[in-house]
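J.:
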Amino acid sequence: MKVTVLEWICGGGLISTPVQQISESLRAEGWLMVDCLVHELLAASHDVTLILDGRLMSTHLETGVATRDRLQLHWLNDRCDTVEEVLNSWVQVAVHSELAIVVAPEIDGALTFAIESLSAAGISLLNCCGDFLHLASDKFDFARRLEKHQISHPPTYLLSDLGDSFSASLFAKNFQTRNCIVKPRNGAGCDGSLIANTEMIDSLCRSNRLPDNLANWIVQPWIEGQAMSCSCIVDRHGVSHWGPLVTQELCSKPDSTDNWPEQGNLQYLGGRVIGALPQALHGHLEKLMAALGPRALGWVGIDIVQSSDGTCWVMEVNPRLTTSVIGLSQATKHRGWLGDSLIRAAEGKPLHTFDWTKAQVTFSVAANH
């Protein structure tokens, strides 16, 4: 099959943003995901077209991706100055493929905008859409939906609902913790996330150091426990095919708010593939997928935290390719299994059981790219 891979950051979605202002972490994670996806598709004997923003790629191409057989590179035209022009270029390239896969962050609605623009142009996509895409992209609406379906999720508030009335003592009393996390309502990864105690948030409120649009930010009590990721490939029939469980490695500088909200103090470093999905957790995740509606398709990643009492808290759903694909690709016995599974899901064909080594595989996204 001819497949076009469209990654937002490396593929030109930030064409109007100066290179020095582009988040290094998002840029690195974007490239690692697209590099893994391209190699998986090529290993499964599919023809791949990749669109690139030349400003960002001089170092990355040293990995050798440019020399791979069955891979065609398209460099963005120098006349592309706006995201609308970039998406028009994406359409002009993708129309010659049988399938396209969009890899984009939820930040500022980028993922939704790209998917809706390509769909409107008649491009066949292996991506989530509709209510599923909206709910997974909007952390506040997502929280309301999980509350309705009685799925464990941290209590979630808009900063605009707290504002000057934020009370550190009341927060601590209600949630038995003084630690909280503030993050963008439409965000991706750890970008912009701030771990702080409630007194720090109280101080930010009183010193007018909060973001301009408080309705675009949420605050939640911090949940202590083991952070994990569960990934699945959803086929054309709406069936979720789950991969092994992946632990997540996070680090933070909890005393630092100097560069926020431009920069957060939480960083995702990578993870470890640890084992098959427990049956109890499988049922919990299937309930979650059903609660978000029927429009899931392709790769979906779910972030959870297991607290000391055994409760599995659903933190976020990522309606797109996630960095866990890097570890899961390394954990398969045969390179190309994930690429083949994605295409079979797109075609509505049966997927084979996840073929993995059973060995714990550690991967990093914190390398300097």
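Here the numbering used here is used: the first residue of the sequence shown is 899, the next is one more, and so on.
Even for Gly, the Cβ is constructed at its ideal location relative to N, Cα and C.
(1) What span of residues does the alpha helix (DSSP H) with V984 cover, start to end?
(2) Sorted by chain position, which residues of the same chain lie with C-beta nearer than 6 Å to Q1165's C-beta, five sequence neighbours on each side aside?
(3) Using beta-carbon positions only, say whether S1239 and I1131 come within less than 8 Å of one another.
(4) Going by alpha carbons, who is nearest to L1033 out of M1213, I1224, L1249, W929?
(5) Starting from R1170, follow the beta strand (DSSP E) in both directions and report where the run begins and ends.
(6) As a quick exercise: from L930, L969, W1115, L1112, pick the residue whose alpha carbon is nearest that of A1002.
(7) Using three-state DSSP, classify V936 as helix, strand or coil.
(8) Do the region 1170 to 1184 and the region 995 to 1012 touch if we need at least three Cβ pairs shorter than 8 Å?
(9) Where does V1263 sit, in a helix, a strand or coil, going by DSSP?
(10) If you draw a straight line from the alpha carbon of S1058 to that of E1097, how long is it in whole angstroms?
(11) Is DSSP giving A998 helix, strand or coil here?
(12) Could you spell out the range, first to last residue, of the alpha helix (DSSP H) harbouring H1032?
(13) In three-state terms, what does DSSP make of T947?
(14) What did DSSP end up calling W1140 once you bin it into helix, strand or coil?
(15) What residue from Q919, V989, V984 has the CA that sits closest to T902's CA?
(16) Quick check: what's the CA-CA separation for E1045 versus E938?
(17) Who are the near neighbours of V1215 in its chain, counting only those whose CB is closer than 6 Å to its CB and skipping five residues on each side?
(18) Entirely within the region 1085 to 1117 and at least 3 residues each: give me those beta strand (DSSP E) ranges in chain order.
(19) Sort out for me which residues DSSP pairs S1150 with in a bridge.
(20) Count the other C-beta atoms from every protein chain shown that fall within 10 angstroms of the C-beta of T1209, then say buried if there are 16 or more, exposed otherwise.
(21) Out of N1077, P1082, L1024, W906, point me to the one whose CA is closest to D1039's CA.
(22) With DSSP as the reference, please indicate the residues paired to E1045 in a beta bridge.
(23) Does E960 come out as helix, strand or coil in the three-state DSSP assignment?
(24) How is the beta strand (DSSP E) around L971 delimited, first residue to last?
(25) If you reduce the DSSP assignment to three classes, tell me which class I1200 lands in.
(26) With a 10 Å radius around its C-beta and 16 neighbouring C-beta atoms as the bar for buried, classify R1218 as buried or exposed.
(27) If we ignore side chains and look at the alpha-carbon of each, how far apart do L950 and S1101 end up?
(28) Touch check for the region 911 to 918 and the region 977 to 988: three-plus C-beta pairs under 8 Å?
(29) L954 by DSSP, collapsed to three states: which one?
(30) Starting from the C-beta of E927, find all residues in its chain whose C-beta is less than 7 Å away, skip the five residues before and the five after it, and write them out in chain order.
(31) Between E905 and the rest of its own chain, which residues show a CB-CB distance below 6 Å, the 5 nearest in sequence each way excluded?
T.: Considering the structure as presented:
(1) The residue labelled residue 984 in the question sits at position 86 within the sequence shown. Looking at the DSSP string, the run of the alpha helix (DSSP H) that includes V984 is 981 to 992.
(2) Counting from 1 along the sequence shown, the entry for residue 1165 is found at position 267. Only C1088, C1149 meet the Cβ criterion.
(3) For the purposes of this step, residue 1239 is identified with residue 341 of the sequence shown, where counting begins at 1. For the purposes of this step, residue 1131 is identified with residue 233 of the sequence shown, where counting begins at 1. Yes; because the gap between Cβ atoms is below 8 Å, this pair is in contact.
(4) Here residue 1033 refers to the residue found at position 135 when the sequence shown is read from its first residue. Relative to L1033, the option among M1213, I1224, L1249, W929 whose CA is nearest is M1213.
(5) If you number the sequence shown from 1, residue 1170 lands on position 272. Counting along the chain, the unbroken beta strand (DSSP E) around R1170 starts and ends at 1164 to 1173.
(6) In the sequence shown, residue 1002 corresponds to position 104, counting from 1. Nearest option by C-alpha distance: L930.
(7) Counted from its first residue, the sequence shown places residue 936 at position 38. Here V936 sits in helix by DSSP.
(8) The region 1170 to 1184, when compared against the region 995 to 1012, does not touch it at the 8 Å Cβ threshold.
(9) As a first step, residue 1263 must be located in the sequence shown, where it is residue number 365. It is coil, neither helix nor strand.
(10) One-based indexing of the sequence shown puts residue 1058 at position 160. One-based indexing of the sequence shown puts residue 1097 at position 199. One Cα belongs to S1058, the other to E1097, and the distance between them is close to 17 Å.
(11) The residue labelled residue 998 in the question sits at position 100 within the sequence shown. Strand at A998.
(12) Taking the first residue of the sequence shown as position 1, residue 1032 is located at position 134. Start and end: 1028 to 1035.
(13) Position 49 of the sequence shown, counting from 1, holds the residue named residue 947. Three-state result, T947: strand.
(14) Start at 1 with the first residue of the sequence shown, and residue 1140 comes out as number 242. Reduced to three states, the DSSP call for W1140 is strand.
(15) Numbered from its first residue, the sequence shown carries residue 902 at position 4. That would be V989, whose Cα lies nearest to the Cα of T902.
(16) Here residue 1045 refers to the residue found at position 147 when the sequence shown is read from its first residue. Here residue 938 refers to the residue found at position 40 when the sequence shown is read from its first residue. E1045 and E938 have their alpha carbons spaced roughly 37 Å apart.
(17) As a working mapping, residue 1215 is identified with position 317 in the sequence shown. Only A1034, I1200 meet the Cβ criterion.
(18) Segments of the beta strand (DSSP E) lying fully in the region 1085 to 1117: 1092 to 1095.
(19) Against the sequence shown, residue 1150 aligns to sequence position 252. When beta bridges are read from the DSSP output, S1150 appears opposite L1164.
(20) Your numbering for residue 1209 matches position 311 in the sequence shown. Burial call: exposed.
(21) By one-based count along the sequence shown, residue 1039 stands at place 141. Among N1077, P1082, L1024, W906, the Cα nearest to that of D1039 is on P1082.
(22) Your numbering for residue 1045 matches position 147 in the sequence shown. Per DSSP, none; premise fails for E1045.
(23) The residue you call residue 960 lines up with position 62 of the sequence shown. Low confidence applies here, because E960 scores a pLDDT of 44, under 50, leaving its location unreliable; read the following figure in that light. E960 falls in the helix class under three-state DSSP.
(24) Within the sequence shown, numbered from 1, the residue matching residue 971 stands at position 73. Looking at the DSSP string, the run of the beta strand (DSSP E) that includes L971 is 969 to 973.
(25) Here residue 1200 refers to the residue found at position 302 when the sequence shown is read from its first residue. Assigned with DSSP and collapsed to three states, I1200 falls in strand.
(26) Reading the sequence shown from its first residue, position 320 is the one you call residue 1218. By the neighbour-count definition (other C-beta atoms within 10 Å, threshold 16), R1218 is a buried residue.
(27) Your numbering for residue 950 matches position 52 in the sequence shown. Your numbering for residue 1101 matches position 203 in the sequence shown. C-alpha separation (whole angstroms): 43 Å.
(28) Three or more Cβ pairs drawn from the region 911 to 918 and the region 977 to 988 lie within less than 8 Å of each other, which places the two stretches in contact.
(29) On the sequence shown, residue 954 is found 56 positions in, with the first residue counted as 1. In this structure, DSSP gives L954 a helical state, which the three-state scheme calls helix.
(30) By one-based count along the sequence shown, residue 927 stands at place 29. The residues are G1087, T1221, V1263.
(31) Here residue 905 corresponds to residue number 7 of the sequence shown, with the count starting at 1. Counting only Cβ-Cβ distances below 6 Å, and skipping sequence neighbours, we find G928, V932, V1001.
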